[in-house]
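Here's the structure, in C-alpha cells; my notes come after.
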Ligand code: C5P
C-alpha cells in the first residue's frame, strides 16, 4: 500500500527555557504552531518475511540510514507492533534543514501517521509515546495546529486559539547547533533560577494561563534563543520584514530561521520576493490546523 503524507513545518511563537533537567535536556515552555511550508513523504509498506527500510530523498547531505529521523520512526513503529515489512519512503524536502523549523521532527511524525494509516495498530496515545522517544518536538508535529508544549517539549496541550495568519519565513546560509545554543543559554542563565529570570517568567505566565483558559488574546511573542544567536543575517532579515509591514518578527526554535507575521497575502508575497532578491531563502506560509491533517 502506498500513501502520501505531508510534514508541516512548525514555528515557535513563544519559546522559553525554564531549567536544566537531570536527563541532560532542558525544561521549556513553548507555543508551537504548524504552517503550510511542508515536506512530502510517499510511504509504501508491504508485509515481508524480513524487515527492510529504504529511504530516498532529493535533499543533499541528508543521511538515509538510522541517522535520519524518518528511518528511526519507521523502525520504532515496526518494532513496537512486531511487524515485519518492506518500507520504502521517498522524502521530498522543502523545509530548510537545521533551521529551527522542526523539519526532521515533522518528517518523523508524518512517517508515524502514514504507517498507522496503513497498519492501524497504534492508539493516538501510543503514537505520541513513540513520537516522544524519537525527539522532543515530534509529539507536537504529530498533533499539529497550535499547542502549548512543556517538559522537554514533548508534553502537548492543544490551544483553542484560532490564529489564521500569513507568515513569511526566511533563512540565510548560516546554521545553528541546537545543543550549542542550549549551552550558550546555560552560560547566561546558570540554572535559570535567578531573580531576573523569575520576573521574566511572571510576565508571561498570566498570558499563557489566559490562553489555556480559552481567553481570546494574542499569544505572547518571545524566543529566549534570540539572546544567544549572534548571526547578522537574522537582524538583516528582521529589518527587511519590519520595513515591509511585518506585525512582528521572531526567530524560530534555536534558529536561525526567522518568521514575520503579515496582515495580507500581497505584502507577504512582496516581502518574500524582496528577501529572495537579497539572496535569502524565503517562503510564504499560512497557519495549518488539525483538520488539515485528516
Ligand atoms: O530532542 P531532540 O533530539 O530534538 O534534541 C536535540 C538536542 O537539543 C538534545 O540532544 C539536547 O542537547 C537539546 N535539547 C535540550 N532540551 C530540550 C530539547 C532539546 O537540551 N528540551
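Residue numbers (our numbering): -18 to 275.
All C-beta atoms in this analysis are idealised placements derived from N, C-alpha and C, irrespective of residue type, glycine included.
Note that the coordinates shown come from a computational prediction; the quantities given were computed from them, not determined experimentally.
- Residue 35 sits exposed, since fewer than 16 C-beta atoms from the chains shown fall within 10 Å of its C-beta.
- With a 10 Å radius around the Cβ and a threshold of 16 neighbouring Cβ atoms, residue 178 comes out buried.
- Counting other Cβ atoms within 10 Å of its Cβ, residue -9 reaches 16 or more and is therefore classed as buried.
- Around ligand 1, the residues whose beta-carbon falls short of 6 Å from at least one of its heavy atoms are 6, 7, 9, 116, 117, 118, 133, 134, 159, 160 and 163, given in chain order.
- Annotation for residue 28: the continuous beta strand (DSSP E) segment containing it runs 7 to 28.
- A direct Cα-Cα distance of roughly 19 Å separates residue 174 from residue 203.
- The stretch 217 to 224 makes no contact with the stretch 117 to 130: fewer than 3 CB pairs, one atom from each, lie closer than 8 Å.
- If you draw a straight line from the Cα of residue 166 to the Cα of residue 264, it comes to about 29 Å.
- Closest in C-alpha terms to residue 212, from the list 158, 192, 84 and 169, comes 158.
- In the displayed model, residue 0 falls within a strand according to three-state DSSP.
- For the alpha helix (DSSP H) assignment, the uninterrupted runs of no fewer than 4 residues enclosed by the stretch 47 to 99 are, from N- to C-terminal side, 50 to 61.
- Taking each of 268, 234 and 248 in turn and checking the Cα distance to residue 9, the smallest one comes out for 234.
- Within its own chain, the residues whose Cβ lies closer than 6 Å to the Cβ of residue 68, once the five positions on either side in sequence are excluded, are 26, 34 and 55, listed in chain order.
- Between residue 156 and residue 209, the alpha-carbon positions lie close to 13 Å from each other.
- Excluding five sequence positions before and after residue 5, none of the CB atoms of its chain fall closer than 7 Å to its own CB.
- Check the Cα spacing between residue 160 and each of 154, 168 and 153: the tightest is with 168.
- Here the alpha carbon of residue 99 sits roughly 7 Å from the alpha carbon of residue -18.
- About 32 Å separates the beta carbon of residue -16 from that of residue 151, a gap too long to meet the 8 Å contact definition.
- Taking C-beta atoms under 8 Å as the contact rule, residue 95 and residue 65 fail to qualify, at a distance of about 18 Å.
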